[in-house]
Amino acid sequence: QIYARIKTTKVNGWITMCGCGEPGNGMFFRAACAQIFPGPINVPQEAMYWTTSGDGAGHTLSGKHDYVIHFPPGGLPPNNAFWSLTMGDAQNRFVPNLLNRYCVSDRSGLVPNADGSVDIYLQNTAPAGHEANWLPAPAGNFILWLRVYMPGAAILNGEYKVPPIVEVS
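Numbering-wise (the working numbering), the sequence shown opens with residue -11 and increments by one.
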């Protein structure tokens, strides 16, 4: 019954929740939200969260494949604080890797493409020449969380859409 009150939206394979951090929601409602998205729950004006365990075609994300998420020029998540893309294994734990890199963000030194777009590589082995934009994946299945703090108007009004994850191998 509590889960029925949680408003989720799925676009390009990404799921976001609305209403979880609103004042007046009780402990059980927030606990139900936490089952869907492990982490803090805020009002949308403070933070928005998306999660996915599948690519844009609906296939389960797995380190057996290579993926890219392509942000067009000017298409990184609009915000007044920061954003980050975090990876976890199938049990929602950080993925051990040689780089000790568990997320990429607007503060990670991502290297844009010549046209100003940004590609983030999600794979088990380093993408040659694109290591700065690599988020190491486990050998097995994984999940992603996108967090945007102090989201911009395009997020708050629903205009912004997180790009799909595309399998490239």
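By construction, the Cβ of each residue, glycine as well, lies at the ideal position given by its N, Cα and C atoms.
Only a predicted model underlies this, so the values are computations on that prediction, with no experimental measurement involved.
Scanning 76, 99, 146, 122 for the CA closest to the CA of residue 110 turns up 122. C-alpha of residue 69 to C-alpha of residue 120: approximately 22 Å in a straight line. Contact between residue 78 and residue 131 holds, with the beta-carbon distance rounding to 7 Å and staying under 8 Å.
The continuous beta strand (DSSP E) containing residue 153 extends over residues 153 to 155. Each of 157, 146, 42, 112 was checked against the Cα of residue 65, and the nearest Cα belongs to 146. The beta strand (DSSP E) runs of length 3 or more contained entirely in the segment 77 to 133 are, from start to end of the chain, 91 to 93, 106 to 111, 122 to 124.
With respect to the C-alpha of residue 3, the residue from 149, 156, 86, 60 having the closest C-alpha is 149. Secondary structure note for residue 29: it is in no alpha helix (DSSP H), with a DSSP letter that is neither H nor E. From the listed residues 23, 56, 59, 5, the smallest Cα separation to residue 36 is found for 5.
Annotated three-state conformation of residue 49 is coil, per DSSP.
Between the C-alpha atoms of residue 128 and residue -2 there is a straight-line separation of about 24 Å. Relative to residue 106, the option among 157, 42, 118 whose CA is nearest is 118.
Residue state for residue 64 is assigned as coil, using DSSP reduced to three classes.
Residue 90 and residue 154 do not touch by the CB rule: their CB atoms are close to 22 Å apart, not below 8 Å. Nearest in C-alpha terms to residue 88, of all of 31, 99, 76, is 76. Distances from the alpha-carbon of residue 93 to those of 134, 114, 80 put 134 closest.
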